[in-house]
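Read the structure below first, then the notes.
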Amino acid sequence: GVKFFNWIGTMWKGSLSFETPMLWSVGFLVTFLFGGLTGVILASPPLDFHVSDSYFVVAHFHYVVFGTVVFAMFAGFHFWWPKFTGKMLDERLGKMTFWTLFVGFHGTFLVQHWLGAEGMPRRYADYLAADGFTALNTIST
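So the sequence shown is numbered by my numbering: it starts at -6 and just counts up by one.
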């Protein structure tokens, strides 16, 4: 939580321009926030008991390990590439890539949080239609 407020405080009242590197940075912050908040749920024994060994844990893992790393990596890449090579990256393509990954990532793993909260267990090869997970699982996959 301290790091998140540190990063927000750094940008507070700054002259921000939402070029591609900044979009990736904000995407990182959003992903980091969701990963951190779901980590608080998993750290609380009464709440963890409900979502333990469910898709909630899978979604949290992907937010923390994949989401934060990839969004931060692309932010750095789009910021530093022109400085290293002297060649600009295509801004339109960078923004298109950002929105595709941002919507796709959150569309996949936010749904998995909901599935986990509803009790969908992980590591099952198949689910019965009567379990009620089919529609959201189809969206997630």
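For every residue, glycine included, the Cβ atom is placed at its ideal position computed from N, Cα and C.
Item	Value
State the CB to CB distance for the pair K88 and T24, rounded to an integer number of angstroms; the pair is presumed to be in contact (CB under 8 Å).	About 17 Å; that fails the 8 Å criterion.
Does the segment 5 to 19 come close enough to the segment 41 to 60 to have 3 or more Cβ pairs within less than 8 Å?	no
State the beta-bridge partners of P114 as determined by DSSP.	S47
Would you tell me roughly how many angstroms separate the C-alpha atoms of G125 and R116, rounded to the nearest one?	17 Å
In chain order, which continuous runs of the alpha helix (DSSP H) of length 4 or greater are located wholly inside the segment 51 to 95?	61 to 78
Identify whether D41 lies in helix, strand or coil by the three-state DSSP scheme.	helix
Determine, using beta-carbon pairs with one atom in the segment -3 to 9 and one in the segment 33 to 50, whether at least three such pairs fall under 8 Å.	no
What span of residues does the alpha helix (DSSP H) with L129 cover, start to end?	T127 to S133
Let me know if A52 comes out buried or exposed under the rule of 16 or more other beta-carbons within 10 Å of its beta-carbon.	buried
Quick one, are the C-beta atoms of L129 and V104 less than 8 Å apart?	yes
Between L108 and L22, what straight-line distance do the alpha-carbon atoms span, to the nearest angstrom?	24 Å
Quick one: Cα of I34 to Cα of F102, how far?	16 Å
Going by Cα to Cα distance, which pick from D119, H43, K6 and L26 is closest to F64?	L26
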